[in-house]
Amino acid sequence: RNRFVADVLVAAGLATLLFDLLTPAEDRTYENRFDIALLTTRLSGATAWLATEPALAALPIGYFGASTGAAAALDAAATVGPRVRAVVSRGGRPDLASALGRVTAPTLLLVGGEDFQVIELNREAKARMRCPCDIAIVPGATHLFEEPGTLEAVAVAARDWFLRHLQGPLPPSP
């Protein structure tokens, strides 16, 4: 699913780095998937690496996270600061993020219309956020967006969000 979204982003001219936040061995331990601090550290580390690459250092950053990766994306956005210009969550658990009130990047929360519990968790998280934040419900979709056309809707929404929010000059470095 994430590769499909990445392909749509690349086709729109967006540079994309796709990686797992856990090693295969770590992923075998179910609890690691909910270790938001570990996931956040990994994403923040990848972002720090980008700053060392001359061809990438000046590019604005957008995070796309699914499930618990969305919580890590939000916490990392709060930690990294204004260089992260946009966040998109797919079927995410933003309620698990500890830094929701410190996120400044405009955030899009994409949730399946049939994923009732996660819709409510996203609404509660949005109420705690101070940044521009939209919730988009994908009709007919369940948590994994496996229904025909639903993943395509996610990819288009993510592409459009990133294209809108990754434009313009970066703020000055601290």
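Just so we're aligned, residue 8 is where the sequence shown starts under the numbering used here, counting upward by one.
Just so you know, even glycine gets a beta-carbon here, dropped at the ideal spot from N, CA and C.
Simplified DSSP assignment, three categories, for residue i
| i | result |
| --- | --- |
| A73 | strand |
Inter-residue spacing [alpha-carbon to alpha-carbon] between residue i and residue j
| i | j | result |
| --- | --- | --- |
| T54 | E153 | 30 Å |
| P146 | F26 | 28 Å |
| V87 | S51 | 7 Å |
| D122 | R100 | 12 Å |
| A58 | N129 | 31 Å |
| E159 | V12 | 8 Å |
| I144 | L107 | 20 Å |
| A165 | D102 | 20 Å |
| G119 | V161 | 9 Å |
| T47 | V163 | 25 Å |
| L115 | V94 | 6 Å |
| A148 | G98 | 10 Å |
| A18 | L170 | 12 Å |
| R8 | A78 | 18 Å |
| G156 | W168 | 18 Å |
| K133 | P89 | 19 Å |
| S105 | R10 | 27 Å |
| L117 | I142 | 6 Å |
Counted within 10 angstroms of its Cβ, other Cβ atoms place residue i as buried (16 or more) or exposed
| i | result |
| --- | --- |
| T36 | exposed |
| S96 | buried |
| P181 | Reliability of the predicted coordinates at P181 is poor, the pLDDT of 47 falling under 50, and no value is obtained from them. |
| A62 | exposed |
| A65 | exposed |
From the options, residue whose alpha carbon lies closest to that of residue i
| i | options | result |
| --- | --- | --- |
| V110 | V12, R135, A148, V163 | R135 |
| P31 | P155, R40, A80 | R40 |
| L16 | I68, A44, C140 | I68 |
| P113 | P89, P139, A19 | P139 |
| R92 | R10, N9, R8, L173 | L173 |
| Y70 | R171, H150, L24, L45 | L24 |
| L151 | A19, G72, L28 | G72 |
| A44 | P89, E131, L117, A80 | A80 |
### Query
What residue ranges within the stretch 93-176 form continuous alpha helix (DSSP H) runs of no fewer than 4 residues, ordered along the chain?
Within the stretch 93-176, the complete alpha helix (DSSP H) runs of at least 4 residues are 123-135, 157-172.
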